[in-house]
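Let me begin by presenting the structure, written as structure tokens, before commenting on it.
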Amino acid sequence: MADHEAAPRSPDADPKAAGLDPVLAQLLPQLNAAAPPVGDGTDAAELRRGFGELIALLQGPDAPAPFDGEVTDGEVAGSEGHVRVPVRTWVPRGAGADVGTVVFVHGGGWVLGDLDSAAPTARFLAERMRVRVVAVDYRLAPEHPFPAAYDDALAVLRAERERSDGWLAVAGDSAGGNLAAALALAARELGLRLDAQLLFYPGLDPAMSSESHQRYGDGYLLTRQAMRYYWESYAGTADPGDPRFAPQAARSLAGVAPAVVTTAGIDPLRDEGDAYAARLVAEGVETVVLPQPTLIHGWIDQTVRVPAARRALERAVDALQLLREGSAA
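Residue numbers for the sequence shown follow full-length UniProt numbering, beginning at 1 and rising by one.
So this is what it looks like as structure tokens:
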């Protein structure tokens, strides 16, 4: 694990003092200004509009090149009879029926995000690994608190395992990393074969008790105040000790799928991701740990503007690919 340096807590502090990547240090004031404010009385619909504008800023004005393959929208039957879970699937041109599948669960504090915000990373996974990628448009909080998002993501994972007995992984960022980790635990309990999990800076600790929450809770895009709002919006009547809600609460991680865990060094969620990775290693799970000490939360959405974020995404996805190749050996 990487050593962690102290950083200023003030949003007005010089970002270079935090050890930020220099390109990101120049961009950060713009990101902080564009981020929608979160606090008491926040309107979820307004917050989603602001999030969409932030994602558009990060992606830049140029439309991406057409995907070389097939992109389809569909639905999966949810855990409740009346629920249909929207999904979007990317299949690269020339990929066979059994190339393997990654179920991608987007981030956004369980309140934000959709298939469009998931698209750049889902597409990158498909192109880089030459696999089939299925993005999950789970129900959002606060309108649909826990366990709605978990149930929807699990329904998609089950459907993908029923569709094929080939290689299957789950990936997710932030809140999606929470859900991906919870799915890996569920797969173990259900006897559902899952071959790998990729967790990008996962949100795992509803108590927000780590040192990184104190150090980086203001001024680095994701704030402690925002994270509190997201956990409270998602929680509903959840028991904080329920691993489906907070995967770090699991008594044991032994026997879950091999993992790639990658974090951001200047992120309120850093310590909980690092601690989860350390537990995976200690409990005998094959784990690749990729700390990114110069980046902030949300870096998979920053790859167009920040070359270091692009390199970090490449390393994480390549590590997942190595797990895939190792499982076939």
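Quick reminder that beta carbons are idealized off the backbone N, C-alpha and C, glycines included.
Separation of residue j from residue i, as counted between CA atoms
i           : j           : result
residue 300 : residue 264 : 10 Å
residue 309 : residue 180 : 21 Å
residue 240 : residue 316 : 29 Å
residue 161 : residue 33  : 43 Å
residue 49  : residue 328 : 43 Å
residue 109 : residue 166 : 31 Å
residue 193 : residue 255 : 11 Å
residue 4   : residue 186 : Note that residue 4 scores 33 on pLDDT, short of 50, meaning its location in the model is unreliable; the coordinates nonetheless yield the value given after this. So the alpha carbons of these two residues sit roughly 32 Å apart.
residue 21  : residue 82  : 47 Å
residue 152 : residue 242 : 17 Å
residue 51  : residue 298 : 12 Å
residue 218 : residue 229 : 14 Å
residue 9   : residue 65  : With a pLDDT of 37 at residue 9, under the threshold of 50, the modelled position of that residue is not reliable, and no figure is offered here.
residue 305 : residue 60  : 8 Å
residue 231 : residue 79  : 23 Å
residue 233 : residue 211 : 23 Å
residue 281 : residue 248 : 14 Å
residue 131 : residue 295 : 27 Å
residue 252 : residue 38  : 34 Å
residue 26  : residue 128 : 29 Å
residue 141 : residue 175 : 11 Å
residue 67  : residue 92  : 8 Å
residue 114 : residue 136 : 8 Å
residue 2   : residue 223 : Low local confidence applies: a pLDDT of 37 at residue 2 is under 50, so the model's placement there is unreliable, with the coordinate-based value given in what follows. Answer to the nearest angstrom: the Cα atoms are 22 Å apart.
residue 138 : residue 77  : 12 Å
residue 56  : residue 145 : 27 Å
residue 364 : residue 318 : Residue 364 is absent from the structure shown; the chain starts at 1 and stops at 329.
DSSP three-state assignment for residue i, whether helix, strand or coil
i           : result
residue 35  : coil
residue 240 : coil
residue 5   : Note that residue 5 scores 32 on pLDDT, short of 50, meaning its location in the model is unreliable and no value can be drawn from it.
residue 279 : helix
residue 51  : helix
residue 69  : strand
residue 272 : helix
residue 75  : strand
residue 306 : coil
residue 151 : helix
residue 121 : helix
residue 173 : strand
residue 207 : coil
residue 157 : helix
residue 295 : strand
residue 181 : helix
residue 167 : coil
residue 86  : strand
residue 23  : helix
residue 99  : coil
Residue nearest to residue i in terms of C-alpha spacing, selected from the options
i           : options            : result
residue 53  : 116, 24, 178       : 116
residue 259 : 196, 303, 221, 278 : 196
residue 149 : 275, 183, 131      : 183
residue 291 : 266, 93, 303, 222  : 266
residue 199 : 30, 74, 313        : 313
residue 74  : 268, 224, 56, 90   : 90
residue 250 : 270, 279, 271, 227 : 279
residue 270 : 201, 311, 322      : 201
residue 96  : 246, 164, 35       : 164
residue 40  : 225, 302, 262      : 225
residue 36  : 321, 311, 221, 322 : 221
residue 147 : 189, 214, 246, 213 : 246
residue 168 : 214, 257, 189, 118 : 257
Supposed close pair residue i, residue j - CB separation, criterion 8 Å
i           : j           : result
residue 177 : residue 324 : With a Cβ gap of about 19 Å, residue 177 and residue 324 do not count as contacting.
residue 170 : residue 105 : 7 Å
residue 126 : residue 69  : 7 Å
residue 103 : residue 134 : 5 Å
residue 172 : residue 107 : 7 Å
residue 216 : residue 268 : 5 Å
Contact test: residue i Cβ vs the ligand HEM heavy atom, cutoff 7 Å
i          : result
residue 66 : This structure lacks the ligand HEM, and indeed carries no ligand of any kind.
Original post:
Between the stretch 113 to 122 and the stretch 146 to 165, do at least 3 Cβ pairs fall closer than 8 Å?
Top reply: no
Original post:
Using 8 Å as the threshold, is the stretch 34 to 53 in touch with the stretch 69 to 87, meaning 3 or more CB pairs across them?
Top reply: no
Original post:
Between the stretch 234 to 248 and the stretch 286 to 295, do three or more beta carbon pairs fall short of 8 Å?
Top reply: no
**OP:** Could you tell me whether the stretch 272 to 282 touches the stretch 198 to 206, using the rule of 3 or more Cβ pairs below 8 Å?
**Re:** yes
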